[in-house]
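K.L.:
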Amino acid sequence: MTDNAPWAASLTKMSEGEAGKLGQLGDAGCVGEDRRGYYVRFSVPKQNYGNVIPDRWFKRDEGGVLLPVELWAEKSEREPRPGRQKASAAGKATIQGWGVYPHRTTARKDRIAQFGAIQPPNILNAHQRR
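Numbering (the working numbering) for the sequence shown: 5 to 134.
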């Protein structure tokens, strides 16, 4: 290894978590614990120049040859935790209309109503009076 390398790549074995979530196209179900040793992920964690290279999965074949494979993520069958339901369309519209922090918008409107809005020309005029 040298210092200041402009590019680095890695081959990583499939983890137990990935084996339980990923499946190969054309196969039924996930890869599973018994077959996860055959799969490796090629990734480029460091690249100073050029576009980002997406991770790629390979399967070990006869003689140790790595062949590219397409893996898919199996949908989780567990139910969402209480209080974590997806927002309804009306809720999304409300959030989009008021922004992420509606209380800040309301507080800003209250301050403008009470003190009036300070416009940039007023600030420039105050600065020019000195």
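Just so you know, even glycine gets a beta-carbon here, dropped at the ideal spot from N, CA and C.
Here the structure is a predicted model, which is why all the values come from computation and not from measurement.
1. What first and last residue would you give for the beta strand (DSSP E) that runs through Gly27?
2. In whole angstroms, what is the alpha-carbon distance linking Ala23 and Val73?
3. Measuring CB to CB, does Leu29 end up less than 8 Å from Val35?
4. Ala77 bridges to which residues according to DSSP?
5. In terms of residue numbering, what span does the beta strand (DSSP E) encompassing Tyr53 cover?
6. What residues match up with Ser47 in a beta bridge as DSSP calls it?
7. Classify Leu15 as buried or exposed, calling it buried when 16 or more other Cβ atoms lie within 10 Å of its own Cβ.
8. Quick one: residues in its chain with C-beta nearer than 8 Å to the C-beta of Ala9, no 5 flanking neighbours on either side, listed in chain order?
9. Quick one: residues in its chain with C-beta nearer than 6 Å to the C-beta of Val48, no 5 flanking neighbours on either side, listed in chain order?
10. Provide the residue span of the beta strand (DSSP E) that contains Arg60, from first to last.
11. Please work out which residues of its chain come closer than 7 Å, Cβ to Cβ, to Glu37, disregarding the five sequence neighbours upstream and downstream, and give them in chain order.
12. Have a look at Gly54, Asp7, Arg60 and flag the residue whose alpha-carbon is nearest the alpha-carbon of Phe46.
P.N.:
So, from the data block:
1. DSSP places Gly27 in the uninterrupted beta strand (DSSP E) bounded by 26-28.
2. 14 Å
3. Against a cut-off of 8 Å, the Cβ pair of Val35 and Leu29 comes out as no contact.
4. Leu26
5. Neither: Tyr53 is in no beta strand (DSSP E) and is coded neither H nor E.
6. For Ser47, DSSP records a beta bridge to Ser14.
7. exposed
8. Answer for Ala9: Lys50, listed in chain order.
9. Within the same chain, Val48 has close Cβ partners Ala13, Ile57.
10. 60-64
11. So the qualifying residues of the chain are Glu20, Ala23.
12. Arg60
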